[in-house]
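Residue numbers (the numbering used here), protein chains in the order written: chain Y, 84 to 243; chain H, 69 to 472.
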């Protein structure tokens, strides 16, 4: 049941417990209780809104940075990851397999701001060996949503 | 075009065609198309676009030069895949070489089936409400359509008891379409078995349009052909349009006794030649790798179905819970309006399009068809608008009653 509720909420955080209950044929109070429990347990972390900032006329600069680090005895990558993700400029951090270790998404209001953050804060951290910065030029699809979807509803308005 | 004085094209038209009534929703369609800001629940096809991997398979086939005719029956690979699918899904065993043919949508398959088996004057049993094309196709083939009404009291299922009343010595074929458009009704096993009993008793054939077979919300899909003794008497018609969201591709198929199929392929080869190869390539991909797509779409339809039924009931409309397809068929009797008036006034006042029930036969009077092949956001907004409309009509009616 949790999986079904989460699938719906992941698509649309505005759904009420009542709507979810109707769609899944479950009692309302049970759905409400599950949602509250999942919020409590931090299964649900936040109700998120996906925004096309470019369209909102408030464009931010973002970069994906490949970071190579030296893992530390006992704590591996976790400690250095923690030192990186605590910066508010950092929006996400993933540990990666392959030719580098951490993938860091940094957001700022200008190219210079992001570049400065990388060169002064990120690259200078102890255990960081190297960084490669890739600026994001255009967002086509994010979190499963295509930004400028060409697939409009092309059906005839009434059909038997 | 310059038309010579005195030339009357109409006089040349075959009366059988001339006398066919035009589609009942044509005028309503124009009205909807000319209204701005409409949310349409009047669409009889999925709101999903064909899954990308299926479209991509077609693109790749074009790149490899698949642009030619295929066998009249369809490509051997696709027929084999259809046979494997029917076996796996319904436990039906057909020889792909002699018992399966790919058609231009299920519509062509229905036409071929009826043209192949109807002699002039043969009676064709058609349970209504139903999809709009069975009656005209039967008529064009020289048959006499005999309507068997299904009712809300029977959950819009066809019952053997009712069916038997309409059987005469001239009855030759029964057309079945369950899960049903427009009602969403399905036939339970016991009902199907009782109908099969009549088919044997009166030596009938069945054309079973199972285009909505995959869209079921109460358990496994069932084929009428899988009932004991029914495979040889059933011309099974299906296709890819609804289950795989592939309406525009026009790919359907028919599975039948080899003699029926051999007869049908004669008409098909002279009139159609073959289904387009592009659609056949896409359909093959759908059968090979599309199971997950069906599951995803059915889960989504199911959630919308529950939402819409619940909203309609809250408005005060009596609404039978559909078990298949993607339509609900609520009664609008409480509003005191005819189905046509309801649809027209709802469109004008709240800009929501639904299809009046009588478009699907006389038994549809007092009902409207709402398709839930629309996004959740659209459905919610459409239900909000409809709720306002129905509330106004109910108050009107109560006032009138109080004064009367």
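C-beta: ideal position from N, C-alpha, C; glycine also.
The beta strand (DSSP E) runs of length 3 or more contained entirely in the segment 271 to 337 of chain H are, from start to end of the chain, 273 to 277, 302 to 307, 320 to 323. Between residue 186 of chain H and residue 210 of chain H, the beta carbon gap of about 6 angstroms places them in contact (Cβ cut-off 8 angstroms). Taking a C-beta cut-off of 8 angstroms against chain Y, the contacting residues of the segment 96 to 111 of chain H are 96, 97, 100, 101, 106, 108, 110, 111, listed in chain order. With fewer than 16 other Cβ atoms inside 10 Å of its own Cβ, residue 126 of chain Y counts as exposed. DSSP links residue 395 of chain H through a beta bridge to H:439. Residue-level contact by beta carbon holds for residue 242 of chain Y and chain H, with a gap shorter than 7 angstroms. Taken in chain order, the members of the segment 193 to 210 of chain H whose beta-carbon sits within less than 7 angstroms of a beta-carbon on chain Y are 199, 200.
Under the DSSP definition of a beta bridge, residue 169 of chain H partners with H:322. Straight-line spacing of the CA atoms in residue 187 of chain Y and residue 366 of chain H works out to 38 angstroms. Judged by their CB atoms, residue 180 of chain H and residue 348 of chain H are not nearer to each other than the 7 angstroms cut-off.
For residue 423 of chain H, the chain Y residues whose C-beta falls within less than 9 angstroms of its own C-beta are 241, 242, 243, listed in chain order. Residue range 120 to 131 is occupied by the alpha helix (DSSP H) that includes residue 125 of chain H. Judged by beta-carbon spacing, residue 218 of chain H lies within the 7 angstroms limit of residue 226 of chain H, meaning their Cβ atoms are closer than that value. Contact of residue 132 of chain H with chain Y by beta-carbon distance below 8 angstroms is absent, the smallest such distance being about 25 angstroms. Apart from the 5 residues on each side of it in sequence, residue 255 of chain H sits with its Cβ closer than 7 angstroms to the Cβ of 225, 226, 246 in its chain, given in chain order. Here residue 108 of chain H is buried, its C-beta having at least 16 other C-beta atoms within 10 Å.
In this structure, the beta-carbon distance from residue 350 of chain H to residue 249 of chain H does not fall below 7 angstroms.
Runs of the alpha helix (DSSP H) lying entirely within the segment 365 to 439 of chain H, each at least 4 residues long, are 407 to 418 in chain order. DSSP places residue 93 of chain H in the coil class of the three-state scheme, outside both helix and strand.
By the C-beta criterion, the segment 113 to 121 of chain H is judged not to be in contact with the segment 133 to 141 of chain H, since fewer than 3 inter-stretch pairs fall below 8 angstroms.
The alpha carbon of residue 121 of chain Y has as its nearest neighbour, out of Y:92, Y:109, Y:133, Y:137, the alpha carbon of Y:92.
Close partners of residue 106 of chain Y in chain H (Cβ separation under 7 angstroms): 371, 374, 375.
Taking a Cβ-Cβ threshold of 7 angstroms, the residues of chain H close to residue 236 of chain Y are 115, in chain order. Counting along the chain, residue 86 of chain Y sits inside the alpha helix (DSSP H) bounded by residues 85 to 94. Residue 93 of chain H has a beta carbon lying within less than 7 angstroms of a beta carbon in chain Y. For the options H:164, H:466, H:343, H:95, the alpha carbon positioned closest to that of residue 403 of chain H is the one of H:466. Listed along chain Y, no residue sits closer than 9 angstroms to residue 311 of chain H by beta-carbon distance, the nearest being about 17 angstroms off.
Residue 113 of chain H and residue 238 of chain Y have their C-alpha atoms spaced approximately 8 angstroms apart. Under the three-state reduction of DSSP output, residue 233 of chain H falls in the helix class.
In the structure shown, residue 193 of chain Y adopts coil according to DSSP, grouped into three states. Within the segment 409 to 441 of chain H, the residues whose Cβ lies closer than 8 angstroms to some Cβ of chain Y are 421, 423, 427, 428, listed in chain order. Spanning the alpha carbons of residue 179 of chain Y and residue 185 of chain Y requires a straight line of approximately 6 angstroms. Burial of residue 167 of chain H is indicated by the presence of at least 16 other C-beta atoms within 10 angstroms of its C-beta.
CA-to-CA, the gap between residue 170 of chain H and residue 153 of chain H works out to about 14 angstroms. Using a Cβ-Cβ cut-off of 8 angstroms, residue 378 of chain H is close to 105 of chain Y, given in chain order. Take residue 84 of chain Y, set aside five residues on each side of it, and the residues of its chain with a beta-carbon closer than 7 angstroms to its own are 109, 117, in chain order.
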